[in-house]
Every structure is written in structure tokens, then in C-alpha cells.
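Peer 1:
In this note's numbering, the protein residues as written are 8 to 268.
1. Among the candidates 49, 45, 63, 27, whose CA atom is the shortest distance from the CA of residue 21?
2. Quick one: what does DSSP say residue 123 is sitting in, helix, strand or coil?
3. For residue 41, does the count of other Cβ atoms within 10 angstroms reach 16, so buried, or fall short, so exposed?
4. Would you say the region 119-137 touches the region 208-226, given that touching needs at least three Cβ pairs under 8 Å?
5. Quick one: give me the first and last residue of the beta strand (DSSP E) that residue 5 is part of.
6. Which class does residue 164 belong to by DSSP, given the choice of helix, strand or coil?
7. Buried or exposed, going by whether 16 or more other CB atoms sit within 10 Å of the CB of residue 79?
8. Pick helix, strand or coil for residue 16, following the three-state DSSP scheme.
9. Counting only the same chain and skipping the five closest in sequence on each side, list residues whose C-beta sits under 7 Å from that of residue 23.
10. May I ask you to verify whether the region 29-36 touches the region 80-100, counting CB pairs closer than 8 Å and requiring at least 3?
11. Specify, as a first and last residue, the run of the beta strand (DSSP E) that residue 88 falls within.
12. In chain order, what residues of the same chain have a beta carbon less than 8 Å from the beta carbon of residue 225, not counting five sequence neighbours either side?
13. Looking at the unbroken beta strand (DSSP E) that takes in residue 45, where does it start and where does it end?
14. Mind checking whether residue 27 and residue 54 have CB atoms under 7 Å apart?
15. Using only the alpha-carbon positions, how far apart do residue 19 and residue 116 sit?
16. Enumerated in chain order, which unbroken segments of the alpha helix (DSSP H) with a length of 4 residues or greater are wholly contained in the region 152-206?
17. Compute the Euclidean distance between the alpha carbons of residue 168 and residue 230, then round it to the nearest angstrom.
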């Protein structure tokens, strides 16, 4: 499926926004580091269920890097502003990793334009005693290896040629990720206190073999989020369930989106 790129100005920030499909809006918020380097089969499938919007976060990819976005709460307020600027209602918000953290911070602040939330291996919470992967200090090879349980995906990603432009964007994305999530590393000290404010239905999806954010962290989300509609733990899957286990993830997700329309 083809998509179009638009560049709306949100509070003075030019946002690179990919759009495809028609119907109720589906907003996908990407994770740290690599951002959205390519249009994924996962996006094609989602665009069959509604109007898919896939932005580069401010500071990432082809979006501007406004100085006033300094932390995840700023990013959450930015996207709430985007929903207003674009007059989007009943939005299905899907957040992966860092994007899941942003989605949760959005709904804590204002849930009126959000219909439901899907959190895929979200950052934002910590569980004592667990070993986490520190993507900021790993080599590129270590980082890619940490993302997937099935090493065929590692080999496929490493085999993809990168242009100079791609390398520049990757570097930009990692700088932006560090600005947002360096200290504390990948979590919020206060978010757990406010998750009870999220009344929207929440889907929680995690790869059981996630080496970046251990799947055992899911218990913290389930405990603190009273509106978890279902929790899907995916066997033999790492940090990228929407890539590594596409059919398992997208089938149930699309069914829920269509039946809630």
C-alpha cells in the first residue's frame, strides 16, 4: 500500500507525517533510535482498518527539532496538540517502546480524543531486580541483536544497505532519544502514580523474550492500569513484535479496531 507524506505545522514544529487508508484515525507512535526508517508491512495491514498516521517524532527523521521539547511529557503534550490541530477524534493510539510511554503520558493528561490505546513493549516503567538492555551504550551490532529473538531478523536488518542520509537520520534519532530518555534511563519516576487516570481500554502486547525491556515489566503495567482490556504475551518474540510476529499482533488488533468502529 502506498502512503503520502504531509508536513503539518504543530505549534510551529514541522512534523513529517505519513498517511494511508481511510476511516477512524489510527496513530502509531514509534520507538527510540531507529524511528521509522521504512514503511512496514505492519503499517499496510493497519491502513486496511482505518486512516493510519505515522509521524516522525519531533527531533526524529524529517521532523523539526524544537528546543521546547525536552522530555517525554513535552512530547505527550505535543501530540495532544496535534490531535486538536488536525481535529482528530476517537483515535486508536498505538505506541511501541518509547512511543508506548508517550501514549500513556498522553492519556494521563487528556483522554477525550483517544478511543483506545495499544502498548507494545512500552518504556516508562521499571521493575526492581530486572536486568535491562542499555541501548545507549551498546554497539550497533549489540543493539540490533537485542531487538529480536529470531536471529534471522537480525541478519536481514544488518544486510540492508544504509545511505549517508540514512546514517544521518539514525544519528539524529539517537540524539533525540537520549534527550528524552537518558536520565532516568527509559522510565519515569512519577508516571506510575498517575496511570489510574487512564480510563480508555488498553491492550498490552509483549514479546516474552524481549531483551530490551523484560517482559516481566508487564506485571507493573497490569497492576497500575485498571483499564487493561487484554494482555498478549507472544512466545519466541523479542522487542519488535509488530515485525517479528506480525500476524499474531495485527490480526487481533485489526479485529478490535473494526469491531469498535
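C-beta: ideal position from N, C-alpha, C; glycine also.
Peer 2: On the basis of the data shown:
1. Stepping through the chain shown from its first residue, residue 21 is reached at position 14. Ranking the options by Cα distance to residue 21, first place goes to 63.
2. Sequence index remark: in the chain shown, residue 123 carries index 116 (1-based). Correct three-state label for residue 123: strand.
3. Your numbering for residue 41 matches position 34 in the chain shown. Residue 41 should be labelled buried.
4. Touching, yes.
5. Residue 5 cannot be examined here, being either before or after the span of the chain that is shown, 8 to 268.
6. Taking the chain shown and counting its residues from 1, the one referred to as residue 164 is at position 157. The three-state reading of DSSP puts residue 164 in helix, counting H, G and I together.
7. For this step, residue 79 is matched to residue 72 along the chain shown. When all chains shown are included, residue 79 counts as buried.
8. Position 9 of the chain shown, counting from 1, holds the residue named residue 16. Strand at residue 16.
9. To locate residue 23, count along the chain shown from 1; it is residue 16. 12, 14, 62, 63, 68, 69, 70.
10. Contact between the region 29-36 and the region 80-100 is established, with three or more Cβ pairs separated by less than 8 Å.
11. In the chain shown, the residue the question calls residue 88 occupies position 81. Note, residue 88: premise wrong, no beta strand (DSSP E); alpha helix (DSSP H) at 79-92.
12. Counted from its first residue, the chain shown places residue 225 at position 218. Excluding sequence neighbours, residue 225 sits near 211, 213, 238, 240.
13. Position 38 of the chain shown holds residue 45. The continuous stretches of beta strand (DSSP E) do not include residue 45, and DSSP gives it neither H nor E.
14. On the chain shown, position 20 is the one that residue 27 refers to. On the chain shown, position 47 is the one that residue 54 refers to. Yes, they are a contact pair.
15. Here residue 19 is taken as the residue at index 12 of the chain shown, counted from 1. Here residue 116 is taken as the residue at index 109 of the chain shown, counted from 1. CA-CA distance, residue 19 to residue 116, rounds to 21 Å.
16. The qualifying runs are 158-166, 171-188.
17. Counting from one through the chain shown, the residue named residue 168 turns up at place 161. Counting from one through the chain shown, the residue named residue 230 turns up at place 223. Whole-angstrom Cα-Cα distance: 43 Å.
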